[in-house]
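Chemist:
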Amino acid sequence: MFNSKFRTAEVTQLYEDVREWCHPEYPLLDPLYSSGSNMPVVDFTPYVAAWLRTGRYEAINELWSMLTCQSDASAYMLKQVLAARLPSWIMLSETAKYELHAIYILSMRAHMCGGQGAVFVGSLLATTTVASRQLEIAPAYHEELLRVIQSEITKESFLGAQFGRAKGAKCSLEKAMSPLAAAETAAEKLKVVPPMVRAVVYDYLVRNWGQGTLRFNLYYDDRLYGCGVKWNQHYTEWLDFFCPPTQITQVPQAVTKDILREALLQEGISFKKTASKQAMVEQANGIAGFLPALVARVCPEKQELRPEWVEPVKVWAERVKYCEPIGAALLKLLALSAMKFK
Numbered sequence: 011m012f013n014s015k016f017r018t019a020e021v022t023q024l025y026e027d028v029r030e031w032c033h034p035e036y037p038l039l040d041p042l043y044s045s046g047s048n049m050p051v052v053d054f055t056p057y058v059a060a061w062l063r064t065g066r067y068e069a070i071n072e073l074w075s076m077l078t079c080q081s082d083a084s085a086y087m088l089k090q091v092l093a094a095r096l097p098s099w100i101m102l103s104e105t106a107k108y109e110l111h112a113i114y115i116l117s118m119r120a121h122m123c124g125g126q127g128a129v130f131v132g133s134l135l136a137t138t139t140v141a142s143r144q145l146e147i148a149p150a151y152h153e154e155l156l157r158v159i160q161s162e163i164t165k166e167s168f169l170g171a172q173f174g175r176a177k178g179a180k181c182s183l184e185k186a187m188s189p190l191a192a193a194e195t196a197a198e199k200l201k202v203v204p205p206m207v208r209a210v211v212y213d214y215l216v217r218n219w220g221q222g223t224l225r226f227n228l229y230y231d232d233r234l235y236g237c238g239v240k241w242n243q244h245y246t247e248w249l250d251f252f253c254p255p256t257q258i259t260q261v262p263q264a265v266t267k268d269i270l271r272e273a274l275l276q277e278g279i280s281f282k283k284t285a286s287k288q289a290m291v292e293q294a295n296g297i298a299g300f301l302p303a304l305v306a307r308v309c310p311e312k313q314e315l316r317p318e319w320v321e322p323v324k325v326w327a328e329r330v331k332y333c334e335p336i337g338a339a340l341l342k343l344l345a346l347s348a349m350k351f352k
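Counting in my numbering, the sequence shown tops out at residue 352, every number present.
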């Protein structure tokens, strides 16, 4: 049933899809933040991409107005970003192109709301879009794209430090245009989930701290773009790349003495309140599968890659790493096309 609080059926349906996670007083906003932060409850990229495909700009307009401060500058910016287009010589599927356009729109919205890192977030999300497919470029524009890619490589970046800007740009484009090979099975699943979920998977593999932990809420700038914990967890579980750890080398702090004591009691093993956690852990280790099951219940973010997905997902992540300047380059091309809007 159409809800009168919204102007369009599309935003009404969006709200119905995510209402259980929304701020109780401010639809579509994250309940963990003040309404003034304009922090979206989830990644709205799939919705905006679908509305772009069907030409439902009124729905995008309504969503934008709910996630930004109302002003003439905001209205003008929306007209600009809606007018953006990728050059025809960028050959990707229509689905990918709409997704890239949606990422550009939402990253500019986040930037307008004070997200200094919004451009970086948008670039990473765009990179995961490209890295999950094989890019093709019209031959006559190969050098033009290389120049744009090179402008997005710094001396300190992964490719810049390894190869320099010119060679790094060539390596990046070669990787994006190469067959998916071992990454294909992972990419087929990853390209249909929201971009922020792909970012969660990538972060798990490249983060140099907190190994073995899925960070479903990622970081502040990701949350300003749109990054819901339950939403990301739901889609990550659908991917089925991960499973609870089969061996526990260190019990997380979240598994407290009280939790451990109660779980052991259910197994018929009692401990005094003065017993040490280490003593309970040693007892728990003698029960097959006990600690992994307990950690999975208390800390669902503690995961490891399933053996059959280790190679495909790691090869995909390596592809993302090499393609990062291309994601930034494609957003720059969208921005340049938007600047022509009058």
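For every residue, glycine included, the Cβ atom is placed at its ideal position computed from N, Cα and C.
Classify residue 13 as helix, strand or coil using the three-state DSSP reduction.
Modeler: Residue mapping note: residue 13 aligns to position 3 of the sequence shown, counting from 1. With a pLDDT of 46 at residue 13, under the threshold of 50, the predicted position of this residue should be treated as unreliable, though the coordinate-derived value follows. Three-state result, residue 13: coil.
Chemist: What is the DSSP secondary structure of residue 18, counted as helix, strand or coil?
Modeler: For the purposes of this step, residue 18 is taken as residue 8 along the sequence shown, with counting starting at 1. Reduced to three states, the DSSP call for residue 18 is coil.
Chemist: When you compare the CB positions of residue 214 and residue 131, do they come within less than 7 Å of one another, or not?
Modeler: On the sequence shown, position 204 is the one that residue 214 refers to. On the sequence shown, position 121 is the one that residue 131 refers to. Going by C-beta atoms, residue 214 is not nearer than 7 Å to residue 131.
Chemist: Where does residue 269 sit, in a helix, a strand or coil, going by DSSP?
Modeler: The count along the sequence shown starts at 1 and reaches residue 269 at position 259. In this structure, residue 269 counts as helix in the three-state DSSP scheme.
Chemist: Taking 7 Å as the cut-off, decide whether the C-beta atoms of residue 24 and residue 33 are in contact.
Modeler: By one-based count along the sequence shown, residue 24 stands at place 14. By one-based count along the sequence shown, residue 33 stands at place 23. Contact flag unset, no.
Chemist: For residue 92 and residue 340, I'd like the C-alpha separation in whole angstroms.
Modeler: In the sequence shown, residue 92 corresponds to position 82, counting from 1. In the sequence shown, residue 340 corresponds to position 330, counting from 1. One C-alpha to the other measures close to 15 Å.
Chemist: Find the nearest neighbour of residue 151 within the set 191, 171, 201 and 99, judged by alpha-carbon distance.
Modeler: Your numbering for residue 151 matches position 141 in the sequence shown. It is 99 whose Cα lies nearest to the Cα of residue 151.
Chemist: Does the Cβ-Cβ distance between residue 338 and residue 90 come in under 7 Å?
Modeler: Working through the sequence shown from its first residue, we reach residue 338 at position 328. Working through the sequence shown from its first residue, we reach residue 90 at position 80. Contact: no.
Chemist: What does DSSP give as the partner residues of residue 312 in its beta bridges?
Modeler: Numbered from 1 along the sequence shown, position 302 holds the residue referred to as residue 312. In the DSSP output, where bridge partners are listed per residue, residue 312 has 223.
Chemist: Helix, strand or coil, according to DSSP, for residue 123 in the structure here?
Modeler: The sequence position of residue 123 within the sequence shown is 113, counting from 1. Reduced to three states, the DSSP call for residue 123 is coil.
Chemist: What span of residues does the alpha helix (DSSP H) with residue 242 cover, start to end?
Modeler: The count along the sequence shown starts at 1 and reaches residue 242 at position 232. Residue 242 -> alpha helix (DSSP H) spans 239-249.
Chemist: Excluding sequence positions up to five away, which residues of its chain have a Cβ less than 6 Å from the Cβ of residue 208?
Modeler: In the sequence shown, counting from the first residue as 1, residue 208 sits at position 198. The residues are 138 and 200.
Chemist: Less than 7 Å between the beta carbons of residue 273 and residue 308, yes or no?
Modeler: Here residue 273 refers to the residue found at position 263 when the sequence shown is read from its first residue. Here residue 308 refers to the residue found at position 298 when the sequence shown is read from its first residue. No; because the gap between Cβ atoms is not below 7 Å, this pair is not in contact.
Chemist: Could you give the DSSP three-state label for residue 146: helix, strand or coil?
Modeler: On the sequence shown, residue 146 is found 136 positions in, with the first residue counted as 1. In this structure, residue 146 counts as strand in the three-state DSSP scheme.
Chemist: Measure the alpha-carbon distance for residue 173 versus residue 110 and round it to whole angstroms.
Modeler: Position 163 of the sequence shown, counting from 1, holds the residue named residue 173. Position 100 of the sequence shown, counting from 1, holds the residue named residue 110. One C-alpha to the other measures close to 27 Å.
Chemist: For residue 50, which of helix, strand or coil comes out of DSSP?
Modeler: Translated into the one-based positions of the sequence shown, residue 50 becomes position 40. Of the three classes helix, strand and coil, the one that applies to residue 50 here is strand, per DSSP.
Chemist: Going straight from the alpha carbon of residue 320 to that of residue 249, what length do you get?
Modeler: By 1-based counting over the sequence shown, the position of residue 320 is 310. By 1-based counting over the sequence shown, the position of residue 249 is 239. Computed Cα separation, rounded: 13 Å.
Chemist: What does the alpha-carbon distance come out to for the pair residue 177 and residue 312?
Modeler: Within the sequence shown, numbered from 1, the residue matching residue 177 stands at position 167. Within the sequence shown, numbered from 1, the residue matching residue 312 stands at position 302. So the two alpha carbons sit approximately 38 Å from each other.
Chemist: Please state whether DSSP places residue 279 in a helix, a strand or coil.
Modeler: As a first step, residue 279 must be located in the sequence shown, where it is residue number 269. Reduced to three states, the DSSP call for residue 279 is coil.
Chemist: On a Cα-Cα basis, can you pick out the residue from 206, 218 and 344 that is closest to residue 231?
Modeler: Within the sequence shown, the letter at position 221 stands for residue 231. Here the closest residue by C-alpha is 206.
Chemist: Using DSSP with H/G/I as helix, E/B as strand and the rest coil, what is residue 169?
Modeler: By 1-based counting over the sequence shown, the position of residue 169 is 159. Helix at residue 169.
Chemist: Straight-line CA distance for residue 12 to residue 19?
Modeler: Translated into positions along the sequence shown, residue 12 becomes position 2. Translated into positions along the sequence shown, residue 19 becomes position 9. Any answer about residue 12 is weak, because its pLDDT of 40 lies below 50 and its placement is not dependable; what the coordinates show is given next. Taking the straight line from one Cα to the other gives about 6 Å.
Chemist: If you draw a straight line from the C-alpha of residue 355 to the C-alpha of residue 260, how long is it?
Modeler: Any question about residue 355 goes unanswered here, given that the chain covers just 11 to 352.
Chemist: Across which residues does DSSP place residue 101 in a beta bridge pair?
Modeler: In the sequence shown, the residue the question calls residue 101 occupies position 91. In DSSP, residue 101 forms a bridge with 146.
Chemist: By the 10 Å Cβ neighbour count, where 16 or more other Cβ atoms means buried, how is residue 296 classified, buried or exposed?
Modeler: The count along the sequence shown starts at 1 and reaches residue 296 at position 286. It is exposed - the Cβ of residue 296 has fewer than 16 other Cβ atoms within 10 Å.
Chemist: Using 8 Å as the threshold, is the stretch 68-80 in touch with the stretch 218-232, meaning 3 or more CB pairs across them?
Modeler: No: fewer than three Cβ pairs fall under 8 Å.
Chemist: Which runs of the alpha helix (DSSP H) fall wholly inside the stretch 22-77 and span at least 4 residues, in chain order?
Modeler: Whole alpha helix (DSSP H) segments, 4+ residues: 55-63 and 67-77.
Chemist: Residue 262 to residue 237, Cα distance in whole Å?
Modeler: Reading the sequence shown from its first residue, position 252 is the one you call residue 262. Reading the sequence shown from its first residue, position 227 is the one you call residue 237. So the two alpha carbons sit approximately 24 Å from each other.
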